[in-house]
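*Asks:* Sharing a structure below in structure tokens format, with a few things to ask.
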Amino acid sequence: MTNDITRLSASDLASALRSKTITSVEATQAHLDRIAAVDGDLHAFLHVSSDEALATAAEVDAKRAGGEELHPLAGVPIAVKDVVVTKGLPTTAGSKILERWIPPYDATLVERIKAAGLPILGKTNMDEFAMGSSTEHSAFGNTKNPWDLDRIPGGSGGGSAAAVAGFEAPLAIGTDTGGSIRQPGAVTGTVGVKPTYGGVSRYGLIAMASSLDQAGPVTRTVLDAALLHELIGGHDPHDSTSINEPVPGVVAAARQGAKGDLKGLRVGVVKELSGEGYQAGVSARFDESLEQLRALGAEVVEVSCPSFAYALDAYYLIMPAEASSNLAKFDGMRFGLRVEPADGPVTAERVMGATRGAGFGDEVKRRVILGTYALSAGYYDAYYGSAQKVRTLIQRDFAAAFERADVLVSPTAPTTAFKFGEKLDDPLAMYLNDVATIPANLAGVPGMSLPNGLSDDGLPVGFQILAPAKADDRLYRVGAALEAALESSWGGPILNKAPELKTTELAR
Ligand code: GLN
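Using the numbering used here, the letters of the sequence shown correspond one by one to residues 3 to 510.
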């Protein structure tokens, strides 16, 4: 059995710290020990920052002992996806092109985490530049799913999800451009939230597609996600797309929801996000949860969003187009890797070519080529222009659906975790994983995935909730209510059913 401290939710750990039952140094050390014991197998972390984490923990303990007023999550350790810049800590975005780059500043959300006194355990693995659904596109090896080490932990944020599901960290940060918080959440039995676009600052996130990217919480409970969301959310003058309004009352909504009363709430089932293509066990668990929502007093209606059928196509033009432009700055001159041509003259252009050729992986190259093509004169209107029109239609579908329902729901991902290699040679099959998560990014609306039991193959399944922009609190009300009902039917959190990981002492 694992160390008990690592099984606590962040909110329970925070209470134990407040009541001085344990210290932050003990809590942080317990998680570092767990990482040392299981991460040789899981490979959720690209970098473990033990010294820095323990120093923060000691500082928080001293302040607490001195009677200082602290943030509710002070002293609770956290893991951060490696696409978020951290001053003095390596940040690679899963790419060889950034190997050994040390950022000179902190992302705004990291500043907030540090100011609140959360020890940062390290940086988590991911698909290169957040492109993928499995972490198989990381330049530094796969992360394993704690439920089955032969299977993917989702992506791109598989490292954050595996760290939380594997009890290496109670909290983690993810980023979601097309589902990279929610789909890993679904396949690892964790909670993941993509806030409203602009709800959490993007300052200091290594951009993939700027109009879609959003950072958010990865946790084991809905309340923990709310606590972290409230901490990292809110206006930031460094991000021109940041919403200049207070963070929606997500913690209050989670506490309210946990009481289990959804009377008067209208839940819309999106017709286009279920049925064909969804694994039988995924659909069965989804239908059962609709029954749970009815039992809690919600009214369940069906809504139709016909243009969601084109969401994937629009996304795979808009996202590569923006990424091709965002990734142009990795040129061998400013950051990380620099490769000189093997022979011939050393011109700027040839160094850029050699660096990008050696530093980027296949999936990144594929998308840069696709995006550059879609943006080129002569094709711009046909591809990028049409995709933007589809995006408007998707936004209109959401607006119409939210007239009829307060939240929309669907399975998070069509299948449970697949095996390594299963979809690696077939990019289109890989892309299909995101069919249910992508519409939210295209419209900027918030979404949550929470554990929805196990499919017939014994692997976790996710339940997705979507709300109108700036109404993130609704996700938490519904999520917490459903979580409470489901956990009482399972006799506790779903992760209790995950197999024990083999532990080994690793020298780090
Ligand atoms: N899997 C999707 C992609 O490959 C989403 C990635 C993400 O959200 N960062 O683009």
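Every residue gets a Cβ at the ideal spot worked out from N, C-alpha and C, and that includes glycine.
#1: If you count every other CB in all the chains shown that lies within 10 Å of the CB of residue 381, and 16 or more means buried, which is it?
#2: Determine the closest residue to residue 245 out of 481, 458, 447, with distance taken between C-alpha atoms.
#3: Using a threshold of 7 Å, is the CB atom of residue 349 nearer than that to any non-hydrogen atom of the ligand GLN?
#4: Please confirm whether any heavy atom of the ligand GLN lies closer than 7 Å to the CB of residue 450.
#5: When burial is assigned at 16 or more other CB atoms within 10 Å of the CB, is residue 435 buried or exposed?
#6: Is residue 132 near the ligand GLN - that is, is its Cβ less than 7 Å away from at least one heavy atom of it?
#7: Please determine whether the Cβ atom of residue 161 lies at a distance below 7 Å from any heavy atom of the ligand GLN.
#8: Give a single yes or no on whether residue 52 has its beta carbon closer than 7 Å to a heavy atom of the ligand GLN.
#9: Following a CB-centred definition, is residue 126 positioned closer than 7 Å to any heavy atom of the ligand GLN?
#10: Contact check, residue 29 vs residue 19 under 8 Å by CB: the rounded distance?
#11: Which word fits residue 296, buried or exposed, when buried means at least 16 other C-beta atoms lie within 10 angstroms of its C-beta?
#12: For the region 449-467 and the region 179-198, state whether three or more C-beta atom pairs, one from each stretch, are separated by less than 8 Å.
#13: To the nearest angstrom, how far is it from the Cα of residue 439 to the Cα of residue 313?
#14: Would you mind reading off the limits of the alpha helix (DSSP H) that contains residue 56?
#15: DSSP three-state call for residue 147: helix, strand or coil?
#16: Using only the alpha-carbon positions, how far apart do residue 493 and residue 160 sit?
#17: Hey, residue 163 and residue 220: beta-carbon distance below 8 Å or not?
#18: Can you tell me whether DSSP reads residue 270 as helix, strand or coil?
#19: Between which two residues does the alpha helix (DSSP H) containing residue 110 stretch?
#20: Three or more beta-carbon pairs under 8 Å between the region 120-130 and the region 49-69, yes or no?
#21: Counting pairs of Cβ atoms below 8 Å between the region 320-330 and the region 279-288, do you hit three or more?
#22: Does the distance from the C-beta atom of residue 238 to that of residue 203 stay below 8 Å?
#23: If you measure between the beta carbons of residue 431 and residue 153, is that distance less than 8 Å?
#24: Is DSSP giving residue 404 helix, strand or coil here?
#25: Cutting at 6 Å between CB atoms, please list the residues of its own chain near residue 458, excluding the five before and the five after it.
*Replies:* Taking the geometry as given:
#1: Taking the sequence shown and counting its residues from 1, the one referred to as residue 381 is at position 379. Sixteen is the threshold: since fewer than 16 other Cβ atoms of the shown chains lie within 10 Å of the Cβ of residue 381, the residue is exposed.
#2: Taking the first residue of the sequence shown as 1, we reach residue 245 at position 243. Checked all of 481, 458, 447; the closest Cα to residue 245 is 447.
#3: The sequence position of residue 349 within the sequence shown is 347, counting from 1. Remark: the shortest separation between the CB of residue 349 and any heavy atom of the ligand GLN does not fall under 7 Å.
#4: Along the sequence shown, read from residue 1 onward, the residue named residue 450 stands at position 448. No, since every heavy atom of the ligand GLN falls outside the 7 Å radius drawn around the Cβ of residue 450.
#5: One-based indexing of the sequence shown puts residue 435 at position 433. Flag for residue 435 reads buried.
#6: For the purposes of this step, residue 132 is taken as residue 130 along the sequence shown, with counting starting at 1. Yes.
#7: The residue labelled residue 161 in the question sits at position 159 within the sequence shown. Result no, Cβ not under 7 Å from the ligand GLN.
#8: Along the sequence shown, read from residue 1 onward, the residue named residue 52 stands at position 50. For residue 52, the shortest separation between its Cβ and any heavy atom of the ligand GLN does not lie below 7 Å.
#9: Against the sequence shown, residue 126 aligns to sequence position 124. Result no, Cβ not under 7 Å from the ligand GLN.
#10: The sequence position of residue 29 within the sequence shown is 27, counting from 1. The sequence position of residue 19 within the sequence shown is 17, counting from 1. About 7 Å; that satisfies the 8 Å criterion.
#11: Within the sequence shown, numbered from 1, the residue matching residue 296 stands at position 294. Burial call: exposed.
#12: Yes, the region 449-467 touches the region 179-198.
#13: Numbered from its first residue, the sequence shown carries residue 439 at position 437. Numbered from its first residue, the sequence shown carries residue 313 at position 311. Looking at the backbone, the Cα of residue 439 and that of residue 313 are separated by about 10 Å.
#14: Position 54 of the sequence shown, counting from 1, holds the residue named residue 56. That run of the alpha helix (DSSP H) goes 52-67.
#15: The residue given as residue 147 occupies position 145 in the sequence shown. Residue state, collapsed to three classes: strand.
#16: As a first step, residue 493 is located in the sequence shown; it is residue number 491 there, counting from the start. As a first step, residue 160 is located in the sequence shown; it is residue number 158 there, counting from the start. If you take the alpha carbons of residue 493 and residue 160, they lie about 27 Å apart.
#17: As a first step, residue 163 is located in the sequence shown; it is residue number 161 there, counting from the start. As a first step, residue 220 is located in the sequence shown; it is residue number 218 there, counting from the start. In terms of Cβ geometry, residue 163 and residue 220 form a close pair [threshold 8 Å].
#18: The count along the sequence shown starts at 1 and reaches residue 270 at position 268. Three-state result, residue 270: strand.
#19: For the purposes of this step, residue 110 is taken as residue 108 along the sequence shown, with counting starting at 1. It spans 110-117 - the alpha helix (DSSP H) in which residue 110 sits, taken as one unbroken run.
#20: Yes, the region 120-130 is in contact with the region 49-69.
#21: The region 320-330 makes no contact with the region 279-288, as fewer than three CB pairs between them are under 8 Å.
#22: Looking up residue 238 in the sequence shown gives position 236. Looking up residue 203 in the sequence shown gives position 201. Against a cut-off of 8 Å, the Cβ pair of residue 203 and residue 238 comes out as a contact.
#23: In the sequence shown, residue 431 corresponds to position 429, counting from 1. In the sequence shown, residue 153 corresponds to position 151, counting from 1. No, the pair does not count as a contact, with Cβ atoms beyond the cut-off.
#24: Along the sequence shown, read from residue 1 onward, the residue named residue 404 stands at position 402. In the structure shown, residue 404 sits in a helix (DSSP, three-state: H, G or I).
#25: Walking along the sequence shown from the start, residue 458 turns up at place 456. By the criterion of a C-beta distance shorter than 6 Å, residue 458 is surrounded in its chain by 283, once the five residues flanking it on both sides are discounted.
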